[in-house]
Structures are given as structure tokens and as C-alpha cells.
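The next block holds one structure in the form of C-alpha cells; read it before the comments.
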Ligand code: PMP
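Below is the structure:
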């Protein structure tokens, strides 16, 4: 059954079968200890080796510089909406002890690039926490957007804090404590391609503002310049492993040396389990970590590194797979329509499209239901679009093979013929 099923779910999603088989053995009897991995002490030497080798392989895969810590945390991507803001505000309060007092009690700005539902949620959470957070753009408010996500505006139009109309940093003091973006918007199928345009930001801004990336749904699918960021984080349940672990890669000198030190300067008080400092000092063993998720993620890293050509291999496959599907969409003569209008912003991971009525304009629910049925007949599961977008979403994460993608391509071609 498993081998005949093609799981194109958006997350949690498909994982390599070989990894799951090994993990299944590992939770019964890990390394002939007579005990399952999840039954061992997280402080045992055995588990220490597991977490260390997961980190080592991830460092190799992503080329993570020495001056970055790798933290295995919990709470999902969602918890990092607050985690990123609170930790950077704490560091800012320590580095600029008089800032809040000199700014009438207000903390530094926090900039958000709002290109989809997840970055919008991160901004909302940041505002809820009382921070001085704002959108540098919101794709839904752009001309021609119809109030939907799908366009990433030119960098020159972004309303960056501390930057004047001519694109110059007007006042270093007004620069934000972070610029936050979501590299791949899972719900809306919007991705920065070939990468988030850090090189197009005003130089002084890019050099002084900590840049934070949510890579939950595209990490390990292409190279990312970690050194150009201050924080890169991702929940596991797409390209990495089972849900439960959230990995935070953070520049060491930005980790607040004492999370409470900035409180008297107007900085935030961070919940203990959210403060990066504690996790960094304890090599992610401050409290009991999500052992199974870390273990299985480590197996995925080793598999990608040793058998699948690393991130370069994954990236080539991701390009090829997504191109094949977008190609069918564009050649379908009005049967399929990509929901992301700008081809340059279309995700390689989550391909979102509608199926149109004969007029070639109106999305047709009945045809979409029929398409989902046709997919099922070929073993393709979980292709219904997110409820906020509708239509179809096919997610082509790393564990989806080129061969499985071709099955989807064939179903789409046959369907286009069937309804034309
Ligand atoms: N960011 C992105 C890009 C996501 O896709 C998701 C979840 N799918 C989240 C954040 C939230 O993650 P979690 O459900 O693990 O909190």
C-alpha cells in the first residue's frame, strides 16, 4: 500500500520510506540496547550521540558557520513568531540600554515582509506582544492583487524602517531590531526565487539589521546563505522530519547573554523555554527535547547527505519537479490556472492552482472535486488546497520523487483532455 501511495500533503508530509523503516526499528530497540530511542534518558550518552550527529549533518548540509548555534526547540514554527521577536528585542535592549527611554517608552521597530499567510501571522503575533511591528509591504494591498497573496513587490518600494525615500539609511538609530520574512509561504504557494533579495536592500540596512527567515517549508530544498541572516528557523514537518522539533539557527553574538538583563531597559521578559540562551548553553538539553523528532530528522539529514546528493541534489530535483507541473498548468489551455500570478514568485514546494470552468475564468468546485478523485485513483493523496485559498495544492517536498511527480503530471494531462 505505502509504495503505491503518493503523498502530496502540505505538512505533515511524506518522509523517505527507508528513514521510517529505520526509525521504526529504533523506537523498538535502539542500537541493540534493548530499549527504544524514546525510552532512553535524554541525558544518556546514547542520545547525546544522536543529537550531535543530527547537528553535525545539518551543519554540513547547510554549510552553517561556526559562529552560529543550532538549537533543537519545541513549539513549532508558530512559537518562533514570538521567539524571534522577543529574543532580538532582548538583545537590542542590552546593546542599547537607553533606547526605550529616549524614544518615549517605545521599543525599536520590527520590520515584516508580508508575502503570505505565515508572515502575516508572525506580524500579528509580534503586534499582539506589544512590539513596534509593521509591514514593509503586504502583498494583499498591492494593485492588481485582488486582496490575495501572490505578488512580491520590487525591493525599492518596501517601506523599510529608518530608510528614507531615496533608499538611504536616514538614521541608524531608527533601524529596526529585525527584518522578518517567510521564504516559502506554504498556504499561498509564494516563494522568493531564486532567494530573498538581501542583496537589493540598502547596504547599510542589510549590514545592521538582523535578518530572520522562516524556512519551515523549503529548508534543504536549495542553498541558503546562512551568514547573511541572523536567524533561520524551521519546523520539521515538511522537508526535515516528524512534527515536534523546531530548529533555530542563530548567530551566537545575537543571543542575549542574560535574557533578563534588558528588562530594566524596557526589553521584554522572555519565557524560560523560549530564551535561546538556555538552549544554546545546554546544547538543546535544557529540558527534555522532542527525542523522536530529533532522531528521525537526523536520519533524514544522513540520508540526504549520503544518498541523495545533499542540498544541491535536492535543489535540482525541486526545480525539475516543479517545472514539470507548472509546465502542464501553462499548457493546459485554460483548464488549470496557477493562483500565484507572478511566475517569479511561484513556489517550487507548494504548487497551488485552480481548475476553471469552460469559460477559462471561473474556478469550478465540481471539477476540482473530480480532479481530486482522479488523483486518488492513481494513489495521489492530500491535494486539496488550504481552506483559505481553495482549489488544489500539490506539495513536492524532498521526499516526493521525480517519478512520483510524473504520475501527477500524467493525471493532470489526462484530466485536461477529459474536460476540454
Ligand atoms: N511557517 C510556515 C512556513 C509553515 O508552513 C507553518 C506550518 N505549516 C508554520 C510556520 C507553523 O508551524 P507549526 O504548525 O509547526 O507551528
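Numbering (this note's numbering), first residue to last: 982 to 1401. All residues carry an ideal CB built from backbone N, CA and C; glycine is no exception. In this text the structure is predicted, and so the values were computed from the model without any measurement.
May I ask you to list the residues that DSSP assigns as paired with residue 1383? Position 402 of the chain shown, counted from the first residue, corresponds to residue 1383. For residue 1383, which the question treats as bridged, DSSP gives no partner whatsoever.
Would you say the stretch 1065-1077 touches the stretch 1103-1122, given that touching needs at least three Cβ pairs under 8 Å? yes
If you draw a straight line from the C-alpha of residue 1127 to the C-alpha of residue 1348, how long is it? The residue you call residue 1127 lines up with position 146 of the chain shown. The residue you call residue 1348 lines up with position 367 of the chain shown. Taking the straight line from one Cα to the other gives about 23 Å.
Identify every residue that forms a DSSP beta bridge with residue 1119. Translated into positions along the chain shown, residue 1119 becomes position 138. 1095, per the DSSP bridge assignment.
In the DSSP assignment, find the unbroken alpha helix (DSSP H) run with residue 1209 in it and report its ends. Along the chain shown, one-based indexing puts residue 1209 at 228. Here residue 1209 belongs to no alpha helix (DSSP H), and DSSP marks it neither H nor E.
Own chain, CB closer than 7 Å to residue 1400, minus 5 neighbours either side, in chain order: To locate residue 1400, count along the chain shown from 1; it is residue 419. Hits under 7 Å: 1316 and 1348.
Can you tell me whether residue 1224 sits near the ligand PMP, meaning its C-beta is under 7 Å from at least one heavy atom of the ligand? Against the chain shown, residue 1224 aligns to sequence position 243. Result yes, Cβ under 7 Å from the ligand PMP.
Distance CB(residue 1228)-CB(residue 1215) smaller than 8 Å: For the purposes of this step, residue 1228 is taken as the residue at position 247 of the chain shown. For the purposes of this step, residue 1215 is taken as the residue at position 234 of the chain shown. Yes, the Cβ-Cβ distance between residue 1228 and residue 1215 is below 8 Å.
Excluding five sequence neighbours on each side, which residues of the same chain lie with their C-beta closer than 7 Å to the C-beta of residue 1272? As a working note, residue 1272 is residue 291 in the chain shown. Correct list, in chain order: 1018, 1019, 1023 and 1028.
Counted within 10 angstroms of its Cβ, other Cβ atoms place residue 1219 as buried (16 or more) or exposed: Within the chain shown, numbered from 1, the residue matching residue 1219 stands at position 238. Counting Cβ neighbours within 10 Å, residue 1219 comes out buried, since at least 16 surround it.
Which residues does DSSP pair with residue 1195 in a beta bridge? For this step, residue 1195 is matched to residue 214 along the chain shown. Answer is 1163 and 1214.
With DSSP collapsed to three states, give me the class of residue 1338. Residue numbering aside, residue 1338 sits at position 357 when the chain shown is read from its first letter. The answer is coil: DSSP assigns residue 1338 none of H, G, I, E or B.
Would you check whether the ligand PMP has a heavy atom nearer than 7 Å to the C-beta of residue 1167? The residue labelled residue 1167 in the question sits at position 186 within the chain shown. Because some heavy atom of the ligand PMP lies under 7 Å away, the Cβ of residue 1167 counts as near it: yes.
Would you say residue 1364 and residue 1351 are within 8 Å of each other, going by their C-beta atoms? Counted from its first residue, the chain shown places residue 1364 at position 383. Counted from its first residue, the chain shown places residue 1351 at position 370. No, Cβ-Cβ distance for residue 1364 and residue 1351 is not below 8 Å.
Simplified DSSP assignment, three categories, for residue 1344: Sequence index remark: in the chain shown, residue 1344 carries index 363 (1-based). Three-state result, residue 1344: strand.
With DSSP run on the structure shown, which of helix, strand or coil describes residue 1404? Lying outside 982 to 1401, the shown extent of the chain, residue 1404 is not represented and no answer is given.
Indicate the three-state DSSP secondary structure (helix, strand or coil) for residue 1067 in the structure shown. Counting from one through the chain shown, the residue named residue 1067 turns up at place 86. Three-state DSSP puts residue 1067 in a helix.
Boundaries (first-last residue) of the alpha helix (DSSP H) holding residue 1008: Indexing the chain shown from 1 puts residue 1008 at position 27. Residue 1008 -> alpha helix (DSSP H) spans 998-1009.
Compare the Cα-Cα distances from residue 987 to each of 1288, 1380 and 1395 and report the closest residue. Position 6 of the chain shown holds residue 987. Of the listed residues, the one whose Cα sits closest to residue 987 is 1380.
Among 1275, 1189 and 1171, nearest to residue 1160 - alpha-carbon criterion: Taking the first residue of the chain shown as 1, we reach residue 1160 at position 179. Ranking the options by Cα distance to residue 1160, first place goes to 1189.
What I want to know is whether the C-beta of residue 1096 ends up closer than 7 Å to one or more non-hydrogen atoms of the ligand PMP. Locating residue 1096 in the chain shown gives position 115, where the first residue counts as 1. Flag unset: Cβ of residue 1096 not near the ligand PMP.
For a quick check, are the C-beta atoms of residue 1328 and residue 1170 less than 8 Å apart? As a first step, residue 1328 is located in the chain shown; it is residue number 347 there, counting from the start. As a first step, residue 1170 is located in the chain shown; it is residue number 189 there, counting from the start. The answer is yes: Cβ separation under 8 Å.
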